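All remarks here apply to the structure that follows.
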Amino acid sequence: MRTRTPVALLTVALCATTALPAQAQAPTDTHIEGRLPSGAAYLMDVPADWNGTVLLFSHGYRPAGSPNPGQNSPDSDSGGATTAHLLAEGYALIGSSYATNGWAVTDAVPDQLATLDLFTQKFGPARRTLAWGRSYGGLVTTALAERHADRFDGSLSMCGLVQGGVANWNSTLDPVFALKTLLAPDADIPLAGFADQASAVDASKALTAKVASAQQTPAGRARIALAAALHNIPAYNDPAQTEPGPADWDGQQANQYAAVTGLLTRPAFSWRQEAESRAGGNPSWNTGVDYTAMLGRSPLYKEVTELYKEAGVSLRKDLTALARSPRVLADPAAVRWMRQTSTFTGRLTDPQLNIHTTGDALIPVQSESAYRRAATAAGAGPLLSQAYVDGPGHCTFTTGEMVGALHTLEHRLDTGRWDTSPATLNSRAQQADPTTPGRYLAYRPTAYPRPYDLAHPGDARP
């Protein structure tokens, strides 16, 4: 935001009536729920001692048909510790449900801006406005930061889908293409272009059954590991799993199989069909993709080669099969829609901090490399900082790690310099939550398999 005027908090909830004189009444915390003209539910919590900063939270992906309540922090739907901590520190928390579920960026961005407008009408301009969000909400947050920079001072994306829409759907296609080609070459299982949700679910069930059967044999397990490597699914991707040793290839593959099953039952088919219905067709392709080269760049290459050796099957033969198999073509109009709505330029105007767990299977940590590539090409590299939490799972941050990241972004705004060293972030996390040590570490993710952004003209062609 370019012009900001500090104002006093205008409370909309009155104090409870007591026998105290009027001048002795204390201001109260304010909680507001309602609906925007779009139908989106909004939620606002403003502490009595508001510190002047408003946090606009963008929630993660919600499948079509699921409940869609308003949400204004990572755990406001469960009354969690992060919400309580931020309110105690004086932050105003706001956010909406978005008018629809699914790949709802065209609803999410205007609904979030409308929520911010409503907050300003009720409480006056904030001293500082920050956008933050997690998972799919990281995509929404980054869209707000790039397209509406005049409304925000900075942004925080947590485990965000910051590779953008085209790259996401391309990389979601790669592992299922490998599974279909190697495990069900003669089966009629479509991978894209679904007529409706029922056809997507049928395809998901058919391929999931083939994968479950393959998991029972050494050769099948090796091929599943190959598919996992094309999506960079980490070997330790769920807090409920046992962390395998560095050469425990079977343990690593077993953990990846669980994540592959999740990929098949949700994003690769059901969620894809919903996104296709908005885009007007299939927005992804694998024409011209060299899967041999992609595997060679994967951090899981060693695991795959060892499992193929143990199984006694030819990796070269399987890679040749992938190279020769008919490819999936994109619908140009759908690609254009995804470019226009869900793909990034990298042109940041204000600071953005991204945090990501290293063991994320849903949005692999390499997505951060994709956004770093875009921001660097756009000349905004100094405005972007990225930090990594050593932990399995998607968005499995502690309260301290999230609050510590928020304070780190504020430090950048206050001083003009980033201080995102693991030691600093862990110290801030510990200050916010003394009961749980921070897990930030020095880490650099490998390159995203198939980046696609608007800062690289060469990305434009399928």
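In mature numbering (1 follows the signal peptide of the UniProt record, and there is no 0), the protein residues as written are -24 to -1, 1 to 438. Beta carbons are placed, not taken as given, at the ideal position from N, Cα and C, and that holds for glycine. This one's a predicted model, so the numbers in the text were calculated from it and none came from an experiment.
DSSP state of residue i mapped onto helix, strand, coil
i: tyrosine 267; result: helix
i: glutamine 217; result: coil
i: alanine 201; result: helix
i: aspartate 129; result: coil
i: glutamine 192; result: coil
i: glycine 376; result: helix
i: alanine -6; result: Residue placement at alanine -6 is poorly supported in this model, since its pLDDT is 30, which falls under 50; the coordinates still yield a value, given next. It is coil, neither helix nor strand.
i: valine 304; result: coil
i: alanine 230; result: helix
i: alanine 68; result: strand
i: tyrosine 37; result: coil
i: threonine 82; result: helix
i: arginine 103; result: coil
i: leucine 430; result: coil
i: tyrosine 424; result: coil
i: leucine 338; result: coil
i: tyrosine 416; result: strand
i: arginine 123; result: helix
i: threonine 321; result: coil
i: leucine 167; result: coil
i: asparagine 77; result: coil
i: residue 451; result: Past the boundaries of the shown model lies residue 451; the chain is included only from -24 to 438, so the question cannot be answered.
i: glycine 140; result: coil
i: tyrosine 347; result: helix
i: proline 243; result: helix
i: threonine -22; result: Summary for threonine -22: the model assigns pLDDT 38, below 50, so the residue's position carries little reliability; its value from the coordinates is reported in the next sentence. Note: threonine -22 maps to coil in three-state DSSP.
i: aspartate 93; result: helix
i: threonine 58; result: helix
i: tryptophan 26; result: coil
i: proline 151; result: helix
i: asparagine 146; result: helix
i: arginine 393; result: coil
i: serine 180; result: helix
i: threonine 296; result: helix
i: glycine 46; result: coil
i: aspartate 53; result: coil
Beta-ladder partner(s) of residue i, from DSSP
i: threonine 333; result: Val365
i: glutamate 9; result: Leu19
i: methionine 134; result: Arg110 and Ile331
Residue i - containing beta strand (DSSP E), residue span
i: phenylalanine 33; result: 29 to 34
Under 7 Å between C-beta atoms of residue i and residue j
i: alanine 182; j: asparagine 213; result: no
i: threonine 375; j: alanine 125; result: no
i: alanine 119; j: serine 131; result: no
i: residue 491; j: leucine 239; result: Examination of residue 491 is not possible in this model, given that the chain is present from -24 through 438 alone.
i: methionine 16; j: aspartate 93; result: Residue identity check: residue 16 is alanine in the sequence provided, not methionine. Taking 7 Å as the Cβ cut-off, alanine 16 and aspartate 93 do not qualify as a contacting pair.
i: alanine 230; j: serine 274; result: no
i: glycine 113; j: glycine 36; result: yes
i: leucine 155; j: aspartate 294; result: no
i: serine 403; j: valine 81; result: no
i: leucine 276; j: tyrosine 284; result: no
i: serine 72; j: alanine 176; result: no
i: residue 442; j: alanine 350; result: Absent from the structure is residue 442, since the part of the chain shown begins at -24 and ends at 438.
i: isoleucine 339; j: leucine 137; result: yes
i: glutamine 228; j: proline 220; result: yes
i: alanine 203; j: proline 243; result: no
i: alanine 346; j: histidine 432; result: no
i: threonine 29; j: arginine 104; result: yes
i: histidine 387; j: aspartate 395; result: yes
Start and end residues, alpha helix (DSSP H) containing residue i
i: threonine 400; result: 398 to 408
i: glycine 357; result: From DSSP, glycine 357 is part of no alpha helix (DSSP H); its letter is neither H nor E.
i: valine 280; result: 277 to 287
i: aspartate 435; result: Per DSSP, aspartate 435 belongs to no alpha helix (DSSP H) and is neither H nor E.
i: glutamine 249; result: 248 to 255
Chain C contact for residue i (CB, 7 Å cutoff)
i: aspartate 87; result: Here there is only one protein chain, and chain C is not present.
Residue i: CB within 6 Å of a non-hydrogen atom of the ligand ZN
i: glycine 78; result: Absence of the ligand ZN is noted for the structure shown, with no ligands found whatsoever.
With a threshold of 8 Å, are at least 3 pairs of Cβ atoms found where one atom belongs to the stretch 241 to 254 and the other to the stretch 191 to 198?
no
Taking 8 Å as the cut-off, does the stretch 163 to 178 touch the stretch 401 to 419 (at least 3 CB pairs, one atom from each stretch)?
no
When you compare the stretch 351 to 370 with the stretch 322 to 335, are there three or more beta-carbon pairs, one atom per stretch, that lie closer than 8 Å?
Touching, per the Cβ criterion.
Three-pair Cβ contact test at 8 Å for the stretch 14 to 29 versus the stretch 57 to 77
When C-beta atoms of the stretch 14 to 29 are compared with those of the stretch 57 to 77, three or more pairs fall below 8 Å, so the two segments count as touching.
Determine, using beta-carbon pairs with one atom in the stretch 260 to 270 and one in the stretch 142 to 152, whether at least three such pairs fall under 8 Å.
yes
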